[in-house]
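Colleague: Numbering (our numbering), first residue to last: 28 to 464.
Yeah, the Cβ is synthetic: ideal placement off N, Cα and C, and Gly gets one too.
Got a structure for you, questions after.
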């Protein structure tokens, strides 16, 4: 039986969405539009297919045991279409389809509109967005590399055409396959510019993968997850599993300070436009900012394979580049600030528990965002009225409590005292003095 056409609801779900959520090879075809979405919604019953619902639930259960998910509808379908179109815009053969820049700008605008339509309105919808966006960030691409007298030919995500090497070329049996993380590679400018829009759609993904958070992001935008015990535990353990947990903590702490407008007050006037450790070269790729060499040095990815800085830094857009959507308005609640600080302090505690809190003086001393993160355990006494004390030092946690205190003494030698004092006078007051009586 022939597979249904890709642009139909059944075809799109079977050939793109299900492999994306459940594992497998996703197919990338010509970009789809809002008109295609409307036609697919005419057969909306396919969105309630039991297999698809099971894949969504199983993916969500990797994060929380008993997830609450809304049924997929027009907004989630818009996200899936937008993710597909970003891959289509990044396809190596795009210029063979359309050669006019005006056409590609129209596709980029259409894709941005699809993504904007998918913005979540609550915790359950945000979890549904993360299922897709998290899987999107985990996509791998299989390249084929052919070696010959003229050097190597890399075929990106495709098998080499046999007719090209039929007579005098290298033997295709000797083709080398290489699997790479798609997100870490160099992308075409339209796809590059749309990456921040994807991350805006999924605040939970930005919280779990803060290194890929868009310019202007704040952890306060996802603080609702940190005020839920189950989600907070999942987020903290996800951070703790990363080898570069210090950088992750710095990104979250630095983004928090930036959103509260406290960076200059604590560290003095700073000219760097990006939070150290993030993929803020998204802005550079979109032509929005000009990062200096010192800032670019801090944008290296945590992955050993080269990472995001190579991909982002090598793409430069023209002055007519289409900017990503701006950051949404942010309402600041002291309880949300406390939830973020509590999660970051818990990350420190998890690493102490794992005997994995190894911190070099040089790394903490050069980076203001990491300094902020390292200073947080030194603020627990002042934050205790709101957050409580992380350990029962007189009970069963006595041995861990001693390690915790030794760790705090170590941090006191790493973080300049003026930084701690400034945080006590500014950030801590945002939490403690604004609580209702």
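1. Look up residue 207 in the DSSP assignment and give the residues it is bridged to.
2. Taking the alpha-carbon of residue 94 as reference, which of 166, 37, 435 and 82 has the nearest alpha-carbon?
3. How long is the line joining the alpha carbons of residue 30 and residue 54, rounded to whole angstroms?
4. Where do the ends of the alpha helix (DSSP H) carrying residue 226 lie?
5. Just mark residue 216 as buried or exposed, buried being the case when its beta carbon has 16 or more other beta carbons within 10 Å.
6. CB-CB under 8 Å to residue 47, same chain, minus the five flanking residues each way: which ones, in chain order?
7. Quick test of your reading: residue 399 and residue 267, contact by CB under 8 Å. State the CB separation rounded to the nearest angstrom.
8. Pick from 433, 302, 264 and 136: whose alpha carbon is nearest that of residue 274?
9. Which residue from 250, 100 and 459 puts its Cα closest to that of residue 358?
10. I need the boundaries of the alpha helix (DSSP H) containing residue 39, first residue and last residue.
11. For the alpha helix (DSSP H) containing residue 372, name the first residue and the last one.
12. Report buried or exposed for residue 40, applying the criterion of at least 16 other Cβ atoms within 10 angstroms of its Cβ.
13. Tell me residue 148's beta-bridge partners as DSSP assigns them.
14. Give the DSSP bridge partners of residue 278, in chain order.
15. How would you label residue 114, buried or exposed, when you count the other beta carbons within 10 angstroms and need 16 or more for buried?
16. Output the boundary residues of the alpha helix (DSSP H) element that contains residue 293.
17. Going along the chain, which residues of its own chain have a beta-carbon closer than 8 Å to the beta-carbon of residue 204, five neighbours each way excluded?
18. Buried or exposed, going by whether 16 or more other CB atoms sit within 10 Å of the CB of residue 395?
19. What are the boundary residues of the alpha helix (DSSP H) that residue 43 is part of?
20. Below 7 Å between beta carbons: does that hold for residue 116 and residue 218?
21. Taking the alpha carbon of residue 405 as the point to measure from, which residue in 415, 136, 435 and 426 has its own alpha carbon closest?
22. Looking only at DSSP bridge pairs, what is residue 52 linked to?
23. Anyone know if the C-beta pair for residue 243 and residue 305 falls short of 7 Å?
24. Work out the CA separation of residue 245 and residue 285 for me, nearest whole Å.
25. Out of curiosity, what's the CA-to-CA distance linking residue 261 and residue 459?
26. Give me the DSSP bridge partner(s) of residue 181.
27. Could you please give the first and the last residue of the uninterrupted alpha helix (DSSP H) stretch that includes residue 61?
28. Measure the C-alpha to C-alpha separation of residue 426 and residue 410 and round it to an integer number of angstroms.
29. So, is residue 212 buried or exposed, given that buried needs 16 or more other C-beta atoms within 10 angstroms?
30. Taking the continuous alpha helix (DSSP H) assigned at residue 432, which residues delimit it?
31. Might you give, ordered along the chain, the residues of its own chain that have their beta carbon closer than 6 Å to the beta carbon of residue 180, omitting 5 neighbours on each side?
32. Give the single residue among 133, 208 and 96 whose Cα lies nearest to the Cα of residue 153.
33. What is the residue span of the alpha helix (DSSP H) that residue 446 lies within?
34. Counting only runs that start and end within the stretch 224-259, where is the alpha helix (DSSP H) found for 4 or more residues in a row?
35. Which of helix, strand or coil does DSSP assign to residue 94?
Modeller: The answer reads as follows:
1. Your numbering for residue 207 matches position 180 in the chain shown. Residue 207 pairs with 168.
2. Counted from its first residue, the chain shown places residue 94 at position 67. Here the closest residue by C-alpha is 82.
3. Sequence index remark: in the chain shown, residue 30 carries index 3 (1-based). Sequence index remark: in the chain shown, residue 54 carries index 27 (1-based). Approximately 13 Å, taken between the alpha carbons.
4. Along the chain shown, one-based indexing puts residue 226 at 199. Unbroken alpha helix (DSSP H) run through residue 226: 216-228.
5. For the purposes of this step, residue 216 is taken as residue 189 along the chain shown, with counting starting at 1. So residue 216 counts as buried.
6. The residue labelled residue 47 in the question sits at position 20 within the chain shown. Answer for residue 47: 53, 107, 110, 159, 162, 163 and 166, listed in chain order.
7. Here residue 399 corresponds to residue number 372 of the chain shown, with the count starting at 1. Here residue 267 corresponds to residue number 240 of the chain shown, with the count starting at 1. Contact flag wrong, Cβ pair sits at about 18 Å.
8. As a first step, residue 274 is located in the chain shown; it is residue number 247 there, counting from the start. The shortest C-alpha separation from residue 274 is found at 302.
9. For the purposes of this step, residue 358 is identified with residue 331 of the chain shown, where counting begins at 1. Among 250, 100 and 459, the Cα nearest to that of residue 358 belongs to 250.
10. As a working mapping, residue 39 is identified with position 12 in the chain shown. 36-39 is the extent of the alpha helix (DSSP H) around residue 39.
11. Position 345 of the chain shown, counted from the start, is the residue given in the question as residue 372. Per DSSP, residue 372 belongs to the alpha helix (DSSP H) from 361-380.
12. Residue 40 sits at position 13 when you count from the first residue of the chain shown. Label assigned to residue 40: buried.
13. On the chain shown, position 121 is the one that residue 148 refers to. Answer is none; residue 148 lacks a bridge partner.
14. If you number the chain shown from 1, residue 278 lands on position 251. Residue 278 is not bridged to any residue.
15. What you label residue 114 is simply residue 87 of the chain shown in a count that begins at 1. Result: buried.
16. The sequence position of residue 293 within the chain shown is 266, counting from 1. Run containing residue 293: 290-294, per the alpha helix (DSSP H) assignment.
17. For the purposes of this step, residue 204 is taken as residue 177 along the chain shown, with counting starting at 1. Once the five neighbours on either side are set aside, the close Cβ partners of residue 204 are 169, 170, 171 and 172.
18. In the chain shown, the residue the question calls residue 395 occupies position 368. Answer is buried; the Cβ neighbour count reaches 16.
19. As a first step, residue 43 must be located in the chain shown, where it is residue number 16. Careful: residue 43 lies outside any alpha helix (DSSP H) and carries neither H nor E.
20. Position 89 of the chain shown, counting from 1, holds the residue named residue 116. Position 191 of the chain shown, counting from 1, holds the residue named residue 218. Yes; because the gap between Cβ atoms is below 7 Å, this pair is in contact.
21. Within the chain shown, residue 405 is the residue found at index 378, counting from 1. The shortest C-alpha separation from residue 405 is found at 435.
22. Here residue 52 is taken as the residue at index 25 of the chain shown, counted from 1. Beta-bridge pairing links residue 52 to no other residue.
23. Reading the chain shown from its first residue, position 216 is the one you call residue 243. Reading the chain shown from its first residue, position 278 is the one you call residue 305. Their beta carbons are not under 7 Å apart, which means residue 243 does not touch residue 305 by this criterion.
24. Working through the chain shown from its first residue, we reach residue 285 at position 258. Working through the chain shown from its first residue, we reach residue 245 at position 218. One C-alpha to the other measures close to 8 Å.
25. Position 234 of the chain shown holds residue 261. Position 432 of the chain shown holds residue 459. Answer to the nearest angstrom: the Cα atoms are 26 Å apart.
26. Working through the chain shown from its first residue, we reach residue 181 at position 154. Note: residue 181 sits in a beta bridge opposite 172.
27. Counting from one through the chain shown, the residue named residue 61 turns up at place 34. Here the alpha helix (DSSP H) through residue 61 covers 61-68.
28. Residue mapping note: residue 426 aligns to position 399 of the chain shown, counting from 1. Residue mapping note: residue 410 aligns to position 383 of the chain shown, counting from 1. Going by the C-alpha atoms only, they are around 23 Å apart.
29. To locate residue 212, count along the chain shown from 1; it is residue 185. Flag for residue 212 reads buried.
30. Reading the chain shown from its first residue, position 405 is the one you call residue 432. Residue 432 -> alpha helix (DSSP H) spans 425-441.
31. Residue 180 sits at position 153 when you count from the first residue of the chain shown. Taken in chain order, the residues that qualify are 173.
32. Looking up residue 153 in the chain shown gives position 126. Among 133, 208 and 96, the Cα nearest to that of residue 153 is on 96.
33. Taking the first residue of the chain shown as 1, we reach residue 446 at position 419. 444-452 is the span of the alpha helix (DSSP H), which, as asked, contains residue 446.
34. 230-235 and 250-253
35. Residue 94 sits at position 67 when you count from the first residue of the chain shown. DSSP places residue 94 in coil when its eight states are reduced to three.
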